[in-house]
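Residue numbers (UniProt numbering): 1 to 353.
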């Protein structure tokens, strides 16, 4: 693949024109496994947490590793860009359960966010300002402002392991696998009861019987589609859920024919293995979900605009071939470029042919 031609394709084509043509373009080897992945808003930089207490920055425009940041004392997980691409937040995994706000330019801490009393399982930055959400095994969700070390608000819930903002930043979703619920809150009235609660009990019960889906465990990630109409709830089981973000109805069950992932989910027993963020994400146009292939190499792609079947089971439209598994997956917000990682970081570009 010629780089210039591939980059032109990545910049100019619609997702639907290239989604089935992605091929591995660059591989970066590593001595340890990666646990989270995030693009900055410009799509130029990629950020990953690794199990050896390091954070890695890649310049995907140049196709090069840019920086390694060490966090040996406190560990790290869930590294996320802020709206300033030189500043990041991440969760501690040692010493305390704080959240650290770091300037990568000079590797200096700007601020610490303390208050959680157990491991942080979710970090989510507001799409519109410098607020962010955190969830923890201490049964709280906290609302923060990057400009203050003190939490701006708190929700106390049963095992609220995952959080997400809708695209308008006016609604927050909180998911609990243990309670089998997704709760939606009006951000301006977050201290009031949720305005919607989606009960997953019957959905999980049915899919456990038909497809071996895990029940009341194994939820790994959550995100809204670009138009806010769909909510992706990824799991480490043999499929993911796409819910109607208004009614909570199951739109699709994204079936993985290869079966479950071997990785633990937030809230699983720590002895189960390395806890990762979800291995599936929406494409920027909201039409597709790209995700890992269970325990097998490569990626799967589902077209979530396909009319729903009566049983709501949706098969992949294609599998993208690779020799490496994908434990964390991110689709670039600005360009047709996919990044995946397990023990290596892989960049994927559309085949220009």
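Positions of the beta carbon are idealized from the N, C-alpha and C atoms, including for glycine.
In this structure residue 326 is in contact with residue 342, their Cβ atoms being roughly 6 Å apart against a cut-off of 8 Å. Secondary structure of residue 187 (DSSP, three-state): helix. Contact check for residue 164 against residue 117 fails: the beta carbons are separated by 7 Å or more. For the pair residue 218 and residue 238, the CB atoms are not nearer than the 7 Å cut-off. Residue 128 sits close to residue 169, with the two beta carbons spaced by under 7 Å. Between residue 220 and residue 278, the C-beta gap is smaller than 7 Å, which places the two residues in contact. When C-alpha distances from residue 22 are compared across 282, 320, 253, the shortest belongs to 320.
Residue 65 sits in a strand when the DSSP states are folded into three classes. Taken through DSSP and simplified to helix, strand or coil, residue 246 comes out as coil. Counting of Cβ neighbours within 10 angstroms places residue 39 among the buried residues, the total reaching 16 or more.
The beta carbons of residue 37 and residue 27 sit no closer together than 7 Å. Fewer than three Cβ pairs drawn from the region 278–294 and the region 306–313 lie within less than 8 Å of each other, which leaves the two stretches out of contact. In the DSSP assignment, residue 349 falls outside any alpha helix (DSSP H) and within the unbroken beta strand (DSSP E) covering 345–350.
With contacts defined as CB atoms closer than 7 Å, residue 175 and residue 267 fail to qualify as a contacting pair.
If you look at residue 303, you'll find it in the beta strand (DSSP E) that goes 296–303.
Between the region 132–143 and the region 102–111 there are fewer than three C-beta pairs closer than 8 Å, too few to call the two in contact. The three-state reading of DSSP puts residue 317 in coil, since its state is none of H, G, I, E or B.
For residue 95, the closest C-alpha among the options 85, 120, 88, 83 is that of 120. Residue 67 and residue 57 do touch by the CB rule: their CB atoms are close to 4 Å apart, below 8 Å. Counted as a single uninterrupted DSSP element, the beta strand (DSSP E) harbouring residue 341 occupies residues 338–341. In terms of Cα proximity to residue 51, the closest of 42, 92, 88, 155 is 92.
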